[in-house]
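Peer 1:
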Amino acid sequence: MKFFRKTIVSGIAGIAGVTGLILASATSALAGETLDRVMDKGTLVISTDAEYPPQSSLNADNELVGFDVDVGRAIAEYMGVKAEFVTPGWDVITAGRWAGRWDMSVGSMTPTKKRAEALDFPAIYYFTPAALVVHEKNTSILSTKDASGRKVGVGVSTTYESYLNKSLVIDAEDVPEFSYVIDDADIRTYDTDLLALDELRLGDGVRLDAAFTALPTILEAKKKGYPIKIVGPEALFMEPLAIATDKGDAELNAKIKEAVDALRANGTLSQISEKWYGGDLTQ
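Take the sequence shown: its letter number 118 is residue 140 in the working numbering, and every next letter is one higher.
1) Suppose the cutoff is 8 Å on Cβ atoms and the five residues either side in sequence are ignored; what does the same chain contact list for K269 look like?
2) Using the DSSP secondary-structure output, state which residues sit across from A105 in a beta bridge.
3) Going by beta carbon distance, what residues of the same chain come within less than 8 Å of W112, once the five residues before and after it are set aside?
4) Using CA coordinates, which residue listed in D125, A105, L258 and G289 is at the minimum distance from P198?
5) Rounded C-beta distance between F107 and V91? I'm assuming under 8 Å.
6) Based on Cα-Cα distance, which residue from S162, K251, E261 and P151 lies nearest to D193?
7) Jot down the residue ranges of each uninterrupted alpha helix (DSSP H) in the stretch 231-278, minimum 4 residues, whole runs only, in chain order.
8) By DSSP's criteria, K173 is part of a beta bridge. Which residues make up the other side?
9) DSSP on S295, reduced to helix/strand/coil?
10) DSSP on A82, reduced to helix/strand/coil?
11) Measuring straight from C-alpha to C-alpha, what distance separates T109 and D83?
12) How would you label D58, buried or exposed, when you count the other beta carbons within 10 angstroms and need 16 or more for buried?
13) In chain order, what residues of the same chain have a beta carbon less than 6 Å from the beta carbon of Y299, not counting five sequence neighbours either side?
14) Given K297, which residues of its chain have a CB within under 8 Å of its CB, disregarding the five upstream and five downstream residues?
15) Would you give the residue range spanned by the beta strand (DSSP E) that D215 belongs to?
16) Which of helix, strand or coil does DSSP assign to G21?
17) When you compare the stretch 218-237 with the stretch 145-161, are there three or more beta-carbon pairs, one atom per stretch, that lie closer than 8 Å?
18) Could you spell out where the alpha helix (DSSP H) holding T134 opens and where it closes?
19) Quick check: the Cα distance between I44 and G54, rounded to an integer number of angstroms?
20) Going by DSSP in three states, T150 sits in which element: helix, strand or coil?
21) Between the Cα of I204 and those of R210, K188 and L216, spot the shortest distance and give me the residue it belongs to.
22) Go ahead and label D125 buried or exposed: buried means 16 or more other beta carbons lie within 10 angstroms of its beta carbon, across all protein chains shown.
23) From what residue to what residue does the alpha helix (DSSP H) around E183 run?
24) Please report the straight-line C-alpha distance between K251 and A266, rounded to a whole angstrom.
25) DSSP three-state call for I163: helix, strand or coil?
26) To the nearest angstrom, how far is it from the Cα of M131 to the Cα of A96?
27) DSSP on F143, reduced to helix/strand/coil?
28) Report yes if the C-beta distance between I209 and E183 is below 8 Å; otherwise report no.
If you want it as structure tokens, here you go:
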């Protein structure tokens, strides 16, 4: 019996060794595959959000415009290829396993530890504060902690949802510390952050008591006449926003980092930020 067990174990070890060699070869063969495809086609396919102004949204001519769109185009131009945009659901983007449907995401994504299980984050390209907003007639939520136990709208699978669930982990360098000040929120999720703001403008407490998203998105909504106001002067947390790629292509990641570093150094990122935000959020 001992001999029989030993023979089986040896056989399994041998098979495992061969399998390991095959997997290693496959991994090696995949290295750089996405970058090769991009350069061969001359097109960088970029996923972003169609309803997330001023980062990205459709204009009157049904064209994608915004900060993220301009950054994506600048990266493609640096690489010497054309930019092509697609707009899958946010939860689909953050899940990874893109199967080559797009090559990178420029969608103001925070690089959390959970997301890093499925995605790579080759470069942080700007920073933005996360803020709480209420209807302009609201008089009961005067500070962020007053939103505890209230109906708060957020985009699904966002860092804002994670914050309200007290599970947010931002895995990036030099991120300011933050604390959880909203307890037991009645979290209402939407396909996009803008839909949460749309619900809020129906009236104070009609569908939501508050919404939680990026400050630039709130300011853009206010410019468009949304009857909303920001709660408190402080950001609930500061988000580093990163380019995301599907796991496994170190060469693509290196090229994207090179591009972002160059665009920051030559002032392009600052110019794009000034254009869309009226200030430089890229440093």
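Yeah, the Cβ is synthetic: ideal placement off N, Cα and C, and Gly gets one too.
Remember, it's a predicted structure, so these values are computed and weren't measured experimentally.
Peer 2: In this structure, then:
1) Residue numbering aside, residue 269 sits at position 247 when the sequence shown is read from its first letter. Around K269: G118, A140, L141 and D142.
2) As a first step, residue 105 is located in the sequence shown; it is residue number 83 there, counting from the start. According to DSSP, A105 bridges with L66.
3) Your numbering for residue 112 matches position 90 in the sequence shown. Same-chain partners within the cutoff: D71, G129, G177, V178, S179, T180, D213 and T214.
4) One-based indexing of the sequence shown puts residue 198 at position 176. Checked all of D125, A105, L258 and G289; the closest Cα to P198 is L258.
5) Reading the sequence shown from its first residue, position 85 is the one you call residue 107. Reading the sequence shown from its first residue, position 69 is the one you call residue 91. About 7 Å separates the two Cβ atoms, so the contact holds.
6) Here residue 193 refers to the residue found at position 171 when the sequence shown is read from its first residue. Looking from the CA of D193, the closest CA among S162, K251, E261 and P151 belongs to E261.
7) Those alpha helix (DSSP H) runs which fall completely within the stretch 231-278 and span 4+ residues are 237-245.
8) Residue 173 sits at position 151 when you count from the first residue of the sequence shown. Bridge partners of K173: D208.
9) Within the sequence shown, numbered from 1, the residue matching residue 295 stands at position 273. It is helical.
10) Working through the sequence shown from its first residue, we reach residue 82 at position 60. DSSP places A82 outside both helix and strand once states are collapsed to three, so it counts as coil.
11) Within the sequence shown, the letter at position 87 stands for residue 109. Within the sequence shown, the letter at position 61 stands for residue 83. So the two alpha carbons sit approximately 16 Å from each other.
12) To locate residue 58, count along the sequence shown from 1; it is residue 36. Label assigned to D58: exposed.
13) Working through the sequence shown from its first residue, we reach residue 299 at position 277. Cβ within range, chain order: P238.
14) Taking the first residue of the sequence shown as position 1, residue 297 is located at position 275. Excluding sequence neighbours, K297 sits near F89 and D92.
15) Within the sequence shown, the letter at position 193 stands for residue 215. Under the DSSP assignment, D215 falls outside any beta strand (DSSP E), being part of the alpha helix (DSSP H) whose first and last residues are D215 to L222.
16) Because the chain is modelled from 23 through 305, residue 21 falls outside the range shown and cannot be assessed.
17) Short answer: they touch.
18) Taking the first residue of the sequence shown as position 1, residue 134 is located at position 112. Unbroken run through T134: none, as it is neither H nor E.
19) On the sequence shown, residue 44 is found 22 positions in, with the first residue counted as 1. On the sequence shown, residue 54 is found 32 positions in, with the first residue counted as 1. The predicted position of I44 is uncertain, since its pLDDT is 34 and thus under 50; no value can be drawn from it.
20) Working through the sequence shown from its first residue, we reach residue 150 at position 128. Reduced to three states, the DSSP call for T150 is strand.
21) Mapped onto the sequence shown, residue 204 falls at position 182. Closest option to I204, Cα to Cα, is K188.
22) Along the sequence shown, read from residue 1 onward, the residue named residue 125 stands at position 103. Answer is buried; the Cβ neighbour count reaches 16.
23) Position 161 of the sequence shown, counted from the start, is the residue given in the question as residue 183. For E183, the uninterrupted alpha helix (DSSP H) run begins and ends at T181 to L186, by DSSP.
24) If you number the sequence shown from 1, residue 251 lands on position 229. If you number the sequence shown from 1, residue 266 lands on position 244. Here the alpha carbon of K251 sits roughly 31 Å from the alpha carbon of A266.
25) As a first step, residue 163 is located in the sequence shown; it is residue number 141 there, counting from the start. It is coil, neither helix nor strand.
26) For the purposes of this step, residue 131 is identified with residue 109 of the sequence shown, where counting begins at 1. For the purposes of this step, residue 96 is identified with residue 74 of the sequence shown, where counting begins at 1. If I take the Cα positions, the gap works out to 18 Å.
27) Along the sequence shown, one-based indexing puts residue 143 at 121. In this structure, F143 counts as strand in the three-state DSSP scheme.
28) One-based indexing of the sequence shown puts residue 209 at position 187. One-based indexing of the sequence shown puts residue 183 at position 161. I209 places its beta carbon less than 8 Å from that of E183.
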